[in-house]
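Engineer: Take this structure, written in structure tokens, and hold onto it; I'll ask about it next.
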Amino acid sequence: YTWTVCGIYPYTAGIAVFLPNERFNSIFEKDAGSFSGYLSNEPITDIPEDYIAKTITADDMTKLAKQLDHSMGSYMAYFQVVCLIVAAIILYLLTKIIIEKNERSISMAKILGYSNGEITSLYLIPTAVVVLLSEGIAIYLGYLLMVCFWKIMMMSLGGYFAFIMTPGGFVKEFLLVFAAYLIITVLDVLRIRKIPKALALKNVE
Numbered sequence: 002y003t004w005t006v007c008g009i010y011p012y013t014a015g016i017a018v019f020l021p022n023e024r025f026n027s028i029f030e031k032d033a034g035s036f037s038g039y040l041s042n043e044p045i046t047d048i049p050e051d052y053i054a055k056t057i058t059a060d061d062m063t064k065l066a067k068q069l070d071h072s073m074g075s076y077m078a079y080f081q082v083v084c085l086i087v088a089a090i091i092l093y094l095l096t097k098i099i100i101e102k103n104e105r106s107i108s109m110a111k112i113l114g115y116s117n118g119e120i121t122s123l124y125l126i127p128t129a130v131v132v133l134l135s136e137g138i139a140i141y142l143g144y145l146l147m148v149c150f151w152k153i154m155m156m157s158l159g160g161y162f163a164f165i166m167t168p169g170g171f172v173k174e175f176l177l178v179f180a181a182y183l184i185i186t187v188l189d190v191l192r193i194r195k196i197p198k199a200l201a202l203k204n205v206e
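Basically our numbering = 1-based index in the sequence shown + 1.
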């Protein structure tokens, strides 16, 4: 047989090919009106029990998800913590390098009469804007990559279930990294306050 795909239907319950029953009977030379099965969302009482192949409940449909959550849910929580720590370390090193590269300039700004708050806003606010924009872009790109990798992974498996990330997941991910950056910002403020004015008076070798 040669088939032509007429359209794609967003069906996340499995991988399937749909065909109208009349068309199926015509192609495979079945009697008109014949069918191989019947689906019902209500209990069937007008046929013998022997003819009912299976009764599927909502628990049956979510059994795989519950099993994955039971076996891997705790690991995902640990993975979130590890990712948060890694992000915090990267942000800490980034801001640390920025401040260390500008220690002499910060010291000179203190001599010129700028307060610690003004210096902090001068160096940390632009960094915060870049971090927040980069985080939003990285979260979105990470989601797109995960969708692509998920489809590739599902092609190698016998079953199928959809990858879904709710808006709450995006917000949670953003807030966790933002909270880590706020803690790092406090450390950076303390580091800026500790830079002495005498540093600007030292000879540059």
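In this text, a Cβ means the ideal position worked out from N, Cα and C, and glycines have one as well.
Give me the Cβ distance between residue 162 and residue 66, rounded to the nearest whole Å; I'm assuming they're in contact under 8 Å.
Structural biologist: Rounded, the Cβ-Cβ distance is 7 Å, consistent with contact.
Engineer: Pop quiz: residue 120 and residue 129 are said to be a contact at Cβ under 8 Å. What is the actual Cβ separation, rounded to whole angstroms?
Structural biologist: Actually they are not in contact, since the Cβ atoms of residue 120 and residue 129 sit about 15 Å apart, beyond 8 Å.
Engineer: Terminal residues of the continuous alpha helix (DSSP H) containing residue 149?
Structural biologist: Start and end: 117-156.
Engineer: Within 10 Å of its beta-carbon, does residue 2 have 16 or more other beta-carbons around it, so buried, or fewer, so exposed?
Structural biologist: Burial call: exposed.
Engineer: Are there 16 or more other CB atoms within 10 angstroms of the CB of residue 48, so buried, or fewer, so exposed?
Structural biologist: By the 10 Å Cβ count, residue 48 comes out exposed.
Engineer: Residues in its own chain within less than 7 Å of residue 35 by CB, not counting five upstream and five downstream?
Structural biologist: 26, listed in sequence order.
Engineer: Buried or exposed: residue 181, going by 16 or more other Cβ atoms within 10 Å of its Cβ?
Structural biologist: Result: buried.
Engineer: Terminal residues of the continuous alpha helix (DSSP H) containing residue 41?
Structural biologist: Here residue 41 belongs to no alpha helix (DSSP H), and DSSP marks it neither H nor E.
Engineer: In chain order, what residues of the same chain lie with their CB nearer than 6 Å to the CB of residue 126, ignoring the 5 residues before and after it?
Structural biologist: None.
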